[in-house]
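Engineer: I'd like to ask some things about the structure below.
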Amino acid sequence: MPNIKSAVVLSLLPELLAARSISLAQRSVDCTFDIAASSGDSCESFASGWGLSVDDLKSLNPGLDCDNFDDFANYCVIGDVTADEPSTTSTTTSTTTSTTTTTQALTTATTTTAFVTTTKEPAVTTTSATSDAPSPTQPGLASNCDKFHKVASGDQCDTIEAKYGITNDQFSSWNPYIDDNCSNLWLDYYVCVHTPVATTTTSTSTSSSAPSQTSAAPSTGSDTNTAPSPTQSGIDASCDQYHKVVSGDQCDTIESAYGISHADFSAWNPAIDSKCSNLWLDYYVCVHVAPKPQMPDITADCKKYHKVQSGEGCWAIDSDNGITLEQFREWNPTIDASCSNLWVDYYVCVGV
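Count the sequence shown with mature numbering (1 follows the signal peptide of the UniProt record, and there is no 0) and you get residues -19 to -1, 1 to 333, in order.
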């Protein structure tokens, strides 16, 4: 007796092997700004810090695995995501009695999602703004922002909020890139101060509790009157050499130009964050701090120092540094002609 189950399978084989179309959807990302995550970041915290949802972050970074988020890697946070038109393929299957060709029609569409409007990494990178927003803007502004404020010298987050009658929560939500301390408010950039659904109030007073971001702070760069202005906040009080930030500067290029380590630069300029994202154009940063303790009355122009070791004399120090005794005593006027008062473990000047 014929096997009924086998016969049924054979009778259905042409249908099972009938041609089917396959949609091969592709996606491309035109990234205009990427940045490294911070230690301890997750998909959620990193995306939130840039005003993105996790889905937005994944769209901008195809293949991103949030379960294995690399908090030392760079991720795209601003760009255009384009879903390309899927391609359609078909196959043809024949039997011994007939040939059947089947093609499934697909409805395809192309969509483009744009994330944020304009960004500029301080003095480094600029992209164009949309037609509705001025340029340049701080990164991550609310996409429906309809009123902007250009950051001027002396502005702080609280003064801007008071001027436009908005709350700190509103300002923070419309400008998510600006941190809680308002330490990365960039001079001459636009911030959002209104959206269509916002409710504002009239304020007659302002708070002075927020740190100053864009005003000159000559007293913070040095404890003398030799500090230039304006300086980034929090500069080491012993700073004796400064660099004015120009377009194109980054922390590593400044460090390389002055032959200093990143650790020293960070210690002398503590307001600058680990990503160097708040290096302010036309502000001064510290690029040298004299070592301590020093022999008294060392010349203020000193650029090179030597720590006196036990048993050293002026001649040995002069010889090692290629200078004369006259130069040495000019830069270190406290030291007498017989070089009898060199103090062990104190610094002397050996170059200007």
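Glycine included, each C-beta is placed from N, C-alpha and C at the ideal position.
Since G332 is in the beta strand (DSSP E), which residue starts that stretch and which ends it?
Structural biologist: Within the sequence shown, the letter at position 351 stands for residue 332. First-last of the beta strand (DSSP E) with G332: Y328 to G332.
Engineer: Going by DSSP in three states, T49 sits in which element: helix, strand or coil?
Structural biologist: To locate residue 49, count along the sequence shown from 1; it is residue 68. One point to set straight first is that residue 49 is Asn, not Thr, in the sequence displayed. Residue state, collapsed to three classes: helix.
Engineer: Which one or two residues does DSSP pair with V226 in a beta bridge?
Structural biologist: As a first step, residue 226 must be located in the sequence shown, where it is residue number 245. Its beta-bridge partners do not exist; DSSP assigns none.
Engineer: So, under 8 Å CB-CB, D37 and A28 are touching, yes? Tell me the CB distance rounded to an integer number of Å.
Structural biologist: Counted from its first residue, the sequence shown places residue 37 at position 56. Counted from its first residue, the sequence shown places residue 28 at position 47. Between A28 and D37 the Cβ distance is about 7 Å, and since that is below 8 Å, they are a contact.
Engineer: Any idea which residues DSSP pairs S9 with across the strands?
Structural biologist: Residue numbering aside, residue 9 sits at position 28 when the sequence shown is read from its first letter. DSSP lists T63 as partners of S9.
Engineer: For Q231 and W167, which I take to be in contact (beta-carbon distance under 8 Å), what is that distance rounded to the nearest angstrom?
Structural biologist: Taking the first residue of the sequence shown as position 1, residue 231 is located at position 250. Taking the first residue of the sequence shown as position 1, residue 167 is located at position 186. Q231 to W167, Cβ: 15 Å. No contact.
Engineer: Assuming the contact rule is C-beta atoms closer than 8 Å, V268 and Q213 should be a hit. Round their C-beta distance to whole Å, please.
Structural biologist: Here residue 268 is taken as the residue at index 287 of the sequence shown, counted from 1. Here residue 213 is taken as the residue at index 232 of the sequence shown, counted from 1. Between Q213 and V268 the Cβ distance is about 12 Å, and since that is not below 8 Å, they are no contact.
Engineer: Check V35 in the structure and name its three-state DSSP category.
Structural biologist: As a position in the sequence shown, residue 35 is number 54, starting the count at 1. Here V35 sits in helix by DSSP.
Engineer: On the DSSP bridge list, what partners appear for Q275?
Structural biologist: On the sequence shown, residue 275 is found 294 positions in, with the first residue counted as 1. Partner(s): Y328.
Engineer: Ends of the beta strand (DSSP E) at Y286?
Structural biologist: As a working note, residue 286 is residue 305 in the sequence shown. Unbroken beta strand (DSSP E) run through Y286: K285 to K288.
Engineer: Taking only three categories from DSSP, how would you classify K144?
Structural biologist: Position 163 of the sequence shown, counted from the start, is the residue given in the question as residue 144. Note: K144 maps to helix in three-state DSSP.
Engineer: Where do the N-terminal and C-terminal ends of the beta strand (DSSP E) with C173 fall, by residue?
Structural biologist: On the sequence shown, position 192 is the one that residue 173 refers to. C173 -> beta strand (DSSP E) spans Y171 to H175.
Engineer: Less than 8 Å between the CB atoms is what I'm expecting for S35 and C24, so what's the real figure, rounded?
Structural biologist: Along the sequence shown, one-based indexing puts residue 35 at 54. Along the sequence shown, one-based indexing puts residue 24 at 43. Position check: residue 35 holds Val in this sequence, whereas Ser was assumed. With a Cβ gap of about 5 Å, V35 and C24 count as contacting.
Engineer: Measuring CA to CA, which of C220, S228 and D263 is closest to D245?
Structural biologist: Translated into positions along the sequence shown, residue 245 becomes position 264. Ranking C220, S228 and D263 by Cα distance to D245 puts C220 first.
Engineer: Quick one: Cα of A318 to Cα of R310, how far?
Structural biologist: Counting from one through the sequence shown, the residue named residue 318 turns up at place 337. Counting from one through the sequence shown, the residue named residue 310 turns up at place 329. Approximately 8 Å between the Cα atoms of the pair.
Engineer: Comparing C-alpha positions only, which one of A114, Y223, G44 and I59 sits nearest to H175?
Structural biologist: In the sequence shown, residue 175 corresponds to position 194, counting from 1. The candidate whose alpha carbon is nearest that of H175 is A114.
Engineer: Do you know how far the Cα of P157 is from the Cα of D61?
Structural biologist: Along the sequence shown, read from residue 1 onward, the residue named residue 61 stands at position 80. Along the sequence shown, read from residue 1 onward, the residue named residue 157 stands at position 176. Whole-angstrom Cα-Cα distance: 19 Å.
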